[in-house]
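Here our numbering = 1-based position in the sequence shown + 38. A virtual CB, placed ideally from N, CA and C, is assigned to each residue, including glycine. All values derive from a computational prediction rather than experimental measurement. Taking it in order: structure first as C-alpha cells, then the write-up.
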Amino acid sequence: MMLLERQPQLQQMDAMLADAIGGRGRVVVVLGEAGAGKTALVEAFASRLDDGLTMLRSACEDLSIPDPLGPLHDLARDAHWELPRAMDDRQVQRLPLFSEALDVFEAKGPCLLVIEDLQWADDATLDFVRFLGRRIANTRILLLMTARTDRSEGQMRVRRALGEIPAGNVVRIDVPLLSESAVLSLAATAERDGEAIYRASAGNAFFVTELLAAEGDGALPASVRDAVLARAEKLSPGARSMLDAVSVFPRRADAWALSGLCGIAAAGQLAECVANGLLEDFGDGYAFRHEIARTAIEMALTPSKRREYNERALSALRENPQVATARLVHHAVEAQNLDVVRELAPTAAREASRVGAHRDAVGYYQVALRYAEILPVEKRAELYEGHAFECHLIGRVEAAMEAQQQARLLRQALGDRVKEGDGLRCLSRFAYLLGDRETADRFGAQAVELLETAPDGPELAMAYSNLSQLAMLAERLEDTLMLGGKAVELAERLNRPDILCHALNNVGAAGQWLDFAKGRRDLARSLGIALSGNFQEHAARAFTNCACVEMNRLNFKEASSLLERGIGYCVDNDLATWRDYMRGVQAQLLLRYGLWDDAAAVAHEVVDDEATTPLVRYPSLVALARLRIRRGDPSAEPIVEEMRRFLDKGMELQRLVPFAEVMAELAWLGEGDRDEALHLIALAEGLAPTRAVFGGLAAWRRLLLPESDPGETDGMAEPHRLQLIGDWRAAAALWARMGAPFERALTLLQGDEAAQREALDIFEALGARPVAQHVRGLLRQSGVGRIARGPRQATRANQAGLTQRQMEVLQLIERGFSNKKIAAHMAISPKTVDHHVSAVLGKLEAVSRGEAAAAARASGLV
39 MMLLERQPQL
49 QQMDAMLADA
59 IGGRGRVVVV
69 LGEAGAGKTA
79 LVEAFASRLD
89 DGLTMLRSAC
99 EDLSIPDPLG
109 PLHDLARDAH
119 WELPRAMDDR
129 QVQRLPLFSE
139 ALDVFEAKGP
149 CLLVIEDLQW
159 ADDATLDFVR
169 FLGRRIANTR
179 ILLLMTARTD
189 RSEGQMRVRR
199 ALGEIPAGNV
209 VRIDVPLLSE
219 SAVLSLAATA
229 ERDGEAIYRA
239 SAGNAFFVTE
249 LLAAEGDGAL
259 PASVRDAVLA
269 RAEKLSPGAR
279 SMLDAVSVFP
289 RRADAWALSG
299 LCGIAAAGQL
309 AECVANGLLE
319 DFGDGYAFRH
329 EIARTAIEMA
339 LTPSKRREYN
349 ERALSALREN
359 PQVATARLVH
369 HAVEAQNLDV
379 VRELAPTAAR
389 EASRVGAHRD
399 AVGYYQVALR
409 YAEILPVEKR
419 AELYEGHAFE
429 CHLIGRVEAA
439 MEAQQQARLL
449 RQALGDRVKE
459 GDGLRCLSRF
469 AYLLGDRETA
479 DRFGAQAVEL
489 LETAPDGPEL
499 AMAYSNLSQL
509 AMLAERLEDT
519 LMLGGKAVEL
529 AERLNRPDIL
539 CHALNNVGAA
549 GQWLDFAKGR
559 RDLARSLGIA
569 LSGNFQEHAA
579 RAFTNCACVE
589 MNRLNFKEAS
599 SLLERGIGYC
609 VDNDLATWRD
619 YMRGVQAQLL
629 LRYGLWDDAA
639 AVAHEVVDDE
649 ATTPLVRYPS
659 LVALARLRIR
669 RGDPSAEPIV
679 EEMRRFLDKG
689 MELQRLVPFA
699 EVMAELAWLG
709 EGDRDEALHL
719 IALAEGLAPT
729 RAVFGGLAAW
739 RRLLLPESDP
749 GETDGMAEPH
759 RLQLIGDWRA
769 AAALWARMGA
779 PFERALTLLQ
789 GDEAAQREAL
799 DIFEALGARP
809 VAQHVRGLLR
819 QSGVGRIARG
829 PRQATRANQA
839 GLTQRQMEVL
849 QLIERGFSNK
859 KIAAHMAISP
869 KTVDHHVSAV
879 LGKLEAVSRG
889 EAAAAARASG
899 LV
C-alpha cells in the first residue's frame, strides 16, 4: 500500500536527522494507535537514508514479562559489539555499560538507532532510553522509537521515561488515522468500495490494508481478526500449521527455531505464507506483518494447540544457549510446563535484577511463586525474600511486607535464626517506608536480639546499622553513634563496604547536630563508597541525606547540586522511591527560590502518583502545603491533615519541624491556632539535640510573639541568627543574595515603613495573596496610611476578556493543575478544559501554561 498523508511526519524526521548529522542529537518518538502505520512510516524514512549513515535496528517483544535489555542486545548485534562480554567486564553495572554503548554508537559516525514498540520495554531498556536521551544532544545520533498511544501501563511508563529526558532533546511525532479521502483514493486504485472500507476501518492503516486484500466480492469482514483469518484459510493445511506455529513467537521467529520445530518441510510452508502476504521473510527469521495479525492467529488457536506449539517452541529454543532466559520462561508459562517455569523463572528474576529491571524481576518472582508449592522450604523462602526486596525497590512496599512475612514463617520453620533475623531487619525497613515508626522500631529491636544469639556476621552488622538509622531519624545521637560504631567496626572486620557506607551515612547525618564539618565528611565518604561499589540504594540514600543536611543549614547551592546529581542518578538506575523523595526536597528548594509554578509541578508529579508510598510523599506535601497556604488555596487543608497523620505513628523531628512551621504560618495569617503552633515549636525544639539547626522555628515564634526572647542563636544559619538578634537589614540582604524572596520579605517586615512596603510588593509579585492581605492589616494597625488595596481580579479579568469560567481555569493553571486534574476539580470534561485552556492562552497572548500563569500574576489576575 502506498504511503499517504505522511509527508509532514517524514519532513519532520528528515529535519531531526539533519540536526543529528550536524552534531545535535535528538530523540524522536513516533506515536499512534495499533495499526496506525508507525512501522510503515519508519520503513519509508529508512528507505530515504544516505549510504553513509549507520542504521541499527531493534524492537521490544510482547513477552508475558519483558526480556531485560533485549533491544540493546539487538543493537549490539547490528553494531558487531560483543555486549555479553562487555556486561561481564562491567559486572553488569549499568551506567558503565550504557556509557560504553554510547561510545560504540558514536564511533559509527552519523547513526540512526531504531527501537520499535517501546510500550513493551522492560525497565532497564527504559533506563537506557533515559540515559541516551539525557546525553544525546552533543552526539550525531538520532534515536527513533515507536510506541502506542493506548492507556496501558506500558505506555504510562513510556511517558514517564520520556518526561525525564530534557524537553529540548525529545520530539514527538503523531501518526494520525487516514482521512476518508485517503481511504477512498486507495480503494479506487483497488476498485473497491471506499466508503464501506472507511466505515469499517475508521482510517486505521493496517485494517485498511487487510480489507483491501480481502476477496473482492461479498461482505466486508467485520474486524481485522476476521480479515486475517479469512486470508489464512486460503493456505494449505501444512502452511496453515506453520502460520499457527509462528504466531506463538512474539515479534519474530528465528529461521533455525522453525526448522527445529517443523522439520524439512518448513521452508516450503513458510514460502507459501510469505507469498500470501501473511508473513515477512527477513532472511534469518519470519514475522507477521503486524502484531495485530499475529494476535489474531494466536487467539484462534485452541488452548491445547496453543500449549502444544509453545512446548515445541520451548524445546527448539532450549537447544540454543544464546536464547534469553526471558523468552524461555514466556514459552514455558504458555505451555504450562511447570517444571521449566520453576527452574527458569528464578534465574530470569535474578538476571533482571542484576541489570536493574526491578519491575520485571518482580514479575518473574511472582511467576515462580505461583508454582512453588512443591519446592523445598528453603527455595520457597529464597523466592519470597527476593520478591520482597524487588517489590520495595519499585515502591510496592506493602507487597514487600507481605512477602517478607511469608519468608519469615518459612525461616522459623527451618530454625534458621540468621536468615530470620535478617528478615526482621528488612521488615523494620519496610515498616518505616510505610510511615509506621512504631512497628519499624519493634522489628528492628527483634532483629538485633535474635542475631546476637548467633555468630557475628554481616546480618548482625546490618541490623546494628538499621537501628542506628532509626535512632538517627529520631535524633537519639548517643544511640546513633553507639550502634553506628558497632556496625562500622563489624563491617570493616568482615570487609563489607556496602554495610560500612550504610552505617557511615547514619553517623554522618547525625553529625549535623554535633560537628557539622565531620558529619559532612562522613556523608561524603559514605557516598563515595556507595558510588565506587555500585551500591545503588545506599548511594541514593547518601545523596538524599547529603542534600537534606545542606538544606537544614540553608546551603541552597550545595543542596541544589546534590539534588540534581542524586535525582539524575536515581533516574539512570530506576530508583523511583529515592528519586521521588528527592524531588519533594527539590520542590521545597524551588519554593525557597520563588519558583512557585516549578515547585508545584515537581511536587504534583510525586503526589499525583497513586503508587507513591506515604513516606516518599511527605517532602512534596510540605512544599504543596506551604504553597497553597501562601496562595490562599482552600485545598491546603487536606494536605495539612495528611501531614498531621504522620505524627500519629511516630514523632520524628524531620517531619515535626516542617509541620510546626506550616501550622505557625497558618496561625500568623489568622487561619490556625496560635497556641497549638507555639506548642509544636516548643515540642520540636525540645526534641532537637541543639536548636542551631532549626533556626526557622525560632523565627516563626518571633513572628507569632514579637516580644519573645530569641534564646541562644550561636551556630544557627546566618540569616536566621541575624534575623533573631534584630539585624533585619543584614538578614534581608543575605536572603536576597541566597535568592529566597519570601524569606526576605518576612524579614523586611521587622524593618521600617519603607522595608515593610517593599515586603508587601514582594508578596504581591509572588502571588501570595493571603500574606499580602495580612501584611496590609499589620501596616494599618501600625498607623501606616495610603496602602494600595491590591489589584481587583474582576476588573483585570474584564480587561483581559476572560469569562468567569476561564478565570477559574486560570487560577487552577496557576496552582499547577494538569488538564485532567482541572476537569476533575471543576466536574467538566477534559475536552471542555482543553477549550478553556486554549482560550485563556490566546487571550493572555501566552504560548504555554507557565507563561500564562506568569502573565496572570504580573497583571494581578491571580
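Cut-off 7 Å between Cβ atoms - residues of its own chain near residue i, not counting five sequence neighbours on either side
| i | result |
| --- | --- |
| residue 297 | 304 |
| residue 714 | 701 |
| residue 240 | 215 |
| residue 200 | 67, 208 |
| residue 398 | 103, 104, 106, 160, 161, 390 |
For residue i, the three-state DSSP class (helix, strand or coil)
| i | result |
| --- | --- |
| residue 434 | coil |
| residue 763 | coil |
| residue 650 | coil |
| residue 479 | helix |
| residue 291 | strand |
| residue 785 | helix |
| residue 898 | coil |
| residue 422 | helix |
| residue 800 | helix |
| residue 42 | coil |
| residue 712 | helix |
| residue 333 | helix |
Neighbourhood of residue i by C-beta distance below 6 Å, restricted to the same chain and skipping five residues each side
| i | result |
| --- | --- |
| residue 149 | 92, 143, 179 |
| residue 658 | 622, 625, 641, 644, 645 |
| residue 80 | none |
| residue 102 | 368, 371 |
| residue 351 | 286, 369 |
Limits of the unbroken alpha helix (DSSP H) element including residue i
| i | result |
| --- | --- |
| residue 752 | Residue 752 -> no alpha helix (DSSP H), and no H or E assigned at all. |
| residue 112 | 108–116 |
| residue 524 | 515–531 |
| residue 231 | Run containing residue 231: none; DSSP gives neither H nor E here. |
| residue 583 | 574–590 |
| residue 622 | 614–630 |
| residue 777 | Taken as a continuous stretch (DSSP letters only), residue 777 belongs to no alpha helix (DSSP H), as it is neither H nor E. |
| residue 607 | 594–610 |
| residue 403 | 396–408 |
| residue 384 | 376–392 |
Beta-ladder partner(s) of residue i, from DSSP
| i | result |
| --- | --- |
| residue 97 | 154 |
| residue 212 | 69 |
| residue 317 | 326 |
| residue 92 | 149 |
Chain-order list of residues whose beta-carbon lies under 8 Å from that of residue i (same chain, five-residue window excluded)
| i | result |
| --- | --- |
| residue 490 | 498 |
| residue 43 | 214, 216, 217, 220 |
Beta strand (DSSP E) segment containing residue i, residue limits
| i | result |
| --- | --- |
| residue 183 | 179–186 |
| residue 197 | Premise fails: residue 197 lies in the alpha helix (DSSP H), 191–201, not in any beta strand (DSSP E). |
| residue 323 | 323–326 |
| residue 64 | 64–70 |
Status (buried if at least 16 other CB within 10 Å, exposed otherwise) for residue i
| i | result |
| --- | --- |
| residue 227 | exposed |
| residue 340 | exposed |
| residue 160 | buried |
| residue 833 | The predicted model places residue 833 with a pLDDT of 45, which falls under 50 and marks its position as unreliable; any figure quoted below should be read in that light. Counting Cβ neighbours within 10 Å, residue 833 comes out exposed, since fewer than 16 surround it. |
| residue 560 | buried |
| residue 743 | exposed |
| residue 525 | buried |
| residue 740 | buried |
| residue 336 | buried |
| residue 699 | buried |
| residue 246 | buried |
| residue 359 | exposed |
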